[in-house]
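In the working numbering, the protein residues as written are 12 to 353. Beta carbons: idealized from backbone N, C-alpha and C, even for Gly. Since this is a predicted model, take the numbers as computed values, not measurements.
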């Protein structure tokens with residue numbers, strides 16, 4: 012689930028220019044020991060999410076979920092089939108591995124019409140997976156991305172954290188436009204809970220349970236317990252399917268494993284290999300036009316997936332700044348300056 016952040020003028024938030032934010036994030040990541048190239052990739056993805064109001068943003072730096080494992084090695088790529096890539100993350104940062112995976116699967120779809128890639132053995136967050144789906148769509152392909160993650164969500168009817176929040180993202184290229192959809196299969200994401208905890212907020216009822224399986228509105232207790240799946244048994248079932256595609260299919264961690272070995276699944280489809288690119292774009296564009304007009308002239312058009320986040324990002328770019336939680340910004344500045352962050 013992609014949550015919309017508070018507006019820049021909301022209480023407890025401060026405006027930060029994009030230029031200053033980029034410099035500070037890069038410096039903070041370098042202070043954590045990341046190389047210049049990796050810091051640039053991670054910073055780009057985190058700020059991309061922050062601009063769209065995603066929970067997959069800058070709190071990841073403070074929670075140290077942007078670091079490689081102590082045993083990190085060069086990323087390995089094999090091709091067991093011409094259009095299937097197996098990517099050993101080699102304990103590298105998940106975002107660095109996933110951006111490379113998106114480019115590899117798009118390259119293979121250029122050649123074969125469709126391609127799949129699986130990653131395994133990363134040791135940190137994959138970030139906002141909509142970024143990778145859109146990166147594939149920018150190459151003219153339909154992009155589908157699924158991510159495994161640490162076990163923080165219960166199955167429907169349970170209370171133990173046995174699933175990841177298991178997001179899925181789609182991005183559809185339509186000429187100069189990209190239709191995108193990005194959601195977790197949980198009622199709320201882990202980093203939404205982290206942000207709520209840091210802001211001192213109370214959660215809406217029905218999102219999570221504590222470590223004893225009791226409903227809770229305390230984000231700290233929810234982090235110690237389990238997030239609930241969205242949509243009851245339907246979200247739970249979808250989460251399980253994504254868990255299988257990103258876990259057992261990739262050789263990544265499943266519930267009960269001790270090693271933090273995260274897996275992802277990416278798919279790229281070239282419309283030219285199906286109905287043809289021009290015919291596909293014409294039909295999909297016509298569909299969206301009809302959907303927007305289906306409510307009648309006197310009713311507002313329905314909001315399509317991804318529109319709110321992209322509108323927010325465009326406004327941030329136009330303004331040249333965005334609003335951040337004041338404690339988050341202060342902590343990033345302290346870290347960038349070499350000060351320890353509590």
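Requested in this report: Say whether the region 144-156 touches the region 187-202, bearing in mind that this needs 3 or more beta-carbon pairs closer than 8 Å, one atom from each stretch.
Outcome: yes
**Report entry** CB of residue 112 within 8 Å of CB of residue 275, strictly
**Finding:** yes
Query raised in the report: Alpha carbon to alpha carbon, how far is residue 15 from residue 83?
Result: Summary for residue 15: the model assigns pLDDT 37, below 50, so the residue's position carries little reliability; its value from the coordinates is reported in the next sentence. Near 34 Å, if we compare the C-alpha coordinates of residue 83 and residue 15.
Report task. Would you list the one or two residues that DSSP bridges to residue 226? Result -> 220
Requested in this report: Measure the alpha-carbon distance for residue 110 versus residue 119 and round it to whole angstroms.
Outcome: 15 Å
Query raised in the report: Cα separation between residue 173 and residue 160?
Result: 11 Å
Requested in this report: Could you check the C-alpha separation between residue 234 and residue 211 for me, to the nearest Å?
Outcome: 14 Å
Report task. Count the other CB atoms, across all protein chains shown, that sit within 10 Å of the CB of residue 158; report buried if there are 16 or more and exposed otherwise. Result -> buried
Report task. Could you check if residue 20 is buried or exposed, using at least 16 other CB atoms within 10 Å of its CB as the buried criterion? Result -> Annotation note: pLDDT 44 at residue 20 (below 50); position unreliable, no value reported.
Query raised in the report: Could you give the uninterrupted runs of the alpha helix (DSSP H) lying entirely in the region 223-269, keeping only those of 4 residues or more?
Result: 230-235, 244-257
Query - Those runs of the alpha helix (DSSP H) which lie wholly inside the region 31-64 and span at least 4 residues - result: 47-62
Report task. Could you give the DSSP three-state label for residue 304: helix, strand or coil? Result -> helix
Query raised in the report: For residue 223, is the classification buried or exposed, using 16 other Cβ atoms within 10 angstroms of its Cβ as the cut-off for buried?
Result: exposed
Query - DSSP state of residue 99 mapped onto helix, strand, coil - result: strand
Report task. Give the DSSP-derived three-state secondary structure of residue 320 in the structure shown. Result -> helix
Requested in this report: Tell me, please, whether the region 196-204 touches the region 291-307 by the rule of three or more beta-carbon pairs shorter than 8 Å.
Outcome: no
Query raised in the report: Does the beta-carbon of residue 74 have 16 or more other beta-carbons within 10 angstroms, so that it is buried, or is it exposed?
Result: exposed
Report task. Would you be able to state if there are at least three C-beta pairs under 8 Å between the region 25-40 and the region 163-178? Result -> no
Query - Presumed contact (8 Å Cβ cut-off) between residue 332 and residue 29, rounded CB distance - result: 6 Å
Query - Identity of the residue in 67, 132, 76, 220 nearest residue 99 by Cα - result: 132
Query raised in the report: Out of curiosity, what's the CA-to-CA distance linking residue 213 and residue 231?
Result: 10 Å
Query raised in the report: Secondary structure at residue 335, three-state DSSP: helix, strand or coil?
Result: strand
Query raised in the report: Ends of the alpha helix (DSSP H) at residue 171?
Result: Where residue 171 is concerned, there is no enclosing alpha helix (DSSP H), given that its DSSP letter is neither H nor E.
**Report entry** 8 Å Cβ cutoff met for residue 32 and residue 58
**Finding:** yes
Requested in this report: Run the proximity test for residue 163: is its beta-carbon closer than 7 Å to any non-hydrogen atom belonging to the ligand MN?
Outcome: Ligands are entirely absent from the displayed structure, and the ligand MN is therefore not among its contents.
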